[in-house]
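Protein chains in written order, with numbering that gives the first Met the number 0: chain A, 0 to 176; chain B, 0 to 176.
There are 2 protein chains.
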Amino acid sequence: MTSPQPDPKPDAHHSDPRADPPRPDPLDTALRLVRAQAAVVKQFDASLSGLHGVSLSDFTLLLHLGHAPGGRMRRVDLAEALGLTASGVTRGLAPLERIGLVSREAAARDARVAYATLTPTGRERLAEMLYTARQAADDLFAADQWGADDLGRLGALLTRLGGTAPDQRPAPTHRLG
Amino acid sequence: MTSPQPDPKPDAHHSDPRADPPRPDPLDTALRLVRAQAAVVKQFDASLSGLHGVSLSDFTLLLHLGHAPGGRMRRVDLAEALGLTASGVTRGLAPLERIGLVSREAAARDARVAYATLTPTGRERLAEMLYTARQAADDLFAADQWGADDLGRLGALLTRLGGTAPDQRPAPTHRLG
DNA sequence: ACGGTATGCTTGAGTAGTCAAGGAGGTAGC
DNA sequence: GCTACCTCCTTGACTACTCAAGCATACCGT
């Protein structure tokens, strides 16, 4: 049932701010967002689990870890970065520890914290996963269909919507127009 | 394979985003989508469950039923419309039947199918939920921040991404079929 | 020094989905 | 009118989270 979209979509790189069309149904847009995300997650999961045996969530977790100084983060910070609860992080980390991509490390001056640390193996595997994930993303936003401005616009709109960014960037929330 | 010394970052553009629009990192955009959706779902769930005791998934299911002729659909069609598996629909329907919003109905000429039908109560409750959901959506896409063009653009971009639309209907103001 | 509170993490129970297996019913070919 | 397959639906086992409770540790005011 995936036929070409019947709706008049922005096929050219022009905006038309003069026309003031009726505000599209926000509820409909929100539901579309949910749908789109489900499809996207499914595609990433398929690629990543097929090639590396991890889910998109696993990958995202590892990615944050890989990005942190020393490949090391407190669970609580990981939770915040991922938009999960602490308990979600505990559970998500468990299988990654079991397969040796992440190790648990005690903190020197605070016995409460248990760092999650990327192992050398974890770092290697992450690099491979990153390659796969980039391919999946490129495939999703195929360059012949998605222009740089489409992509940028989507990213900006989503950021406005969705809590914090997937990575801590100093990039300000700039207005579109 | 990729370079052996990774310090993986999903965003690799540090150049001026205004000069010659460098294509933003597709992976980063995809991850933002996931994040945004999580936040959106959380807000809808909070509103809907607080006021009506249903989740966004429940609401979406009822909404599709409400749009169907006779408030009635085969489970298999519901699954397709919602982007779920048949088993997901079975499980999602169960609590709605238990609380009397949906009833199960046998098909006259095919004993395999079990229609899901909106009860009169279900239809009433759905109308109330719809009001709440619209409010949540309006709140999310606050009119002072989201112009009609932003909304339309987001919708179009998401549709391009996400399989089929949430509902093949433009947005009747308040009435259900 | 000590009691109260705040923080970091884990765990048990519950929710929302997946997939794979399987039963019951419909539809052909011959 | 059998045989074979195909469709609709449910179920059991699993994954990936959630919240609430609870334990251990740290910090702060007196």
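All C-beta atoms in this analysis are idealised placements derived from N, C-alpha and C, irrespective of residue type, glycine included.
A quick note: this is a predicted structure, and the numbers were derived from the prediction, not measured.
In the three-state scheme derived from DSSP, where H, G and I count as helix and E and B as strand, A105/A is classed as strand.
Here the alpha carbon of A105/B sits roughly 19 Å from the alpha carbon of L61/B. In the DSSP assignment, L117/A falls within the beta strand (DSSP E) that extends over A113 to L117. If you draw a straight line from the Cα of G82/A to the Cα of D138/A, it comes to about 26 Å.
Distances from the CA of R103/A to each of F58/A, Y114/A and T28/A were compared; the closest alpha carbon is that of Y114/A. Contact between the stretch 25 to 32 of chain B and the stretch 83 to 97 of chain B is absent: fewer than 3 CB-CB pairs across the two stretches fall below 8 Å. Between T116/B and the set A147/B, T158/B and H63/B, the nearest pair of CA atoms involves H63/B. In this structure, DSSP gives R31/B a helical state, which the three-state scheme calls helix. Residues of chain B whose Cβ lies closer than 7 Å to the Cβ of A37/A are, in chain order, G82.
Contacts between P119/A and chain B, judged by CB atoms closer than 8 Å, are missing: the closest CB pair is about 11 Å apart. Identification of chain A residues near G161/B by a Cβ-Cβ cut-off of 9 Å yields R31, L32, V33, R34, A35, Q36, A37, A38 and V39, ordered along the chain. Three or more Cβ pairs drawn from the stretch 153 to 161 of chain B and the stretch 33 to 52 of chain A lie within less than 8 Å of each other, which places the two stretches in contact. According to DSSP, residue pairing for M72/B in a beta bridge involves A115/B. With distances taken between CA atoms, Y130/A lies nearest to L47/A out of P21/A, L47/A and V39/A.
Under the Cβ criterion of 8 Å, P23/B is counted among the residues facing chain A. Linking T84/B to Q144/B through their CA atoms gives a straight-line distance of about 36 Å. For P94/B, the enclosing alpha helix (DSSP H) begins and ends at A85 to R97. Restricting attention to beta strand (DSSP E) runs no shorter than 3 residues, the stretch 116 to 152 of chain B encloses none. Sorting I98/A, R111/A and R108/A by C-alpha distance to the C-alpha of T120/A places I98/A at the top. Going by C-alpha positions, L153/A is about 14 Å away from P21/B. A45/B and R31/B have their C-alpha atoms spaced approximately 21 Å apart.
Using beta-carbon distances, R152/B counts as an interface residue toward chain A, with a partner under 8 Å. Listed by position along chain A, the residues whose Cβ is nearer than 7 Å to that of D137/B are P25. Here V39/B is buried. Its C-beta has 16 or more other C-beta atoms within 10 Å.
For the options L100/A, P68/A and A136/A, the alpha carbon positioned closest to that of H51/A is the one of L100/A. For D57/B, the enclosing alpha helix (DSSP H) covers residues L55 to H66. Taking a C-beta distance under 8 Å as the contact criterion, F43/A and A132/A qualify as a contact pair.
Within a 10 Å sphere around the beta-carbon of G49/A sit fewer than 16 other beta-carbons, which makes this residue exposed. Secondary structure of L81/A (DSSP, three-state): helix. Using a 10 angstroms sphere on the CB of R111/B, the tally of other CB atoms stays under 16, which defines it as exposed.
Taking 8 Å as the cut-off, the Cβ atoms of V88/A and R74/A count as close. With fewer than 16 neighbouring CB atoms inside 10 Å of its own CB, D109/B falls in the exposed class. Neighbours of L50/A across chain B, judged by C-beta separation under 7 Å, do not exist; the nearest C-beta is about 12 Å away.
G65/A and A135/B have their alpha carbons spaced roughly 36 Å apart. For D44/A, the three-state secondary structure derived from DSSP is helix.
When DSSP states are grouped into helix, strand and coil, A110/B belongs to the coil group.
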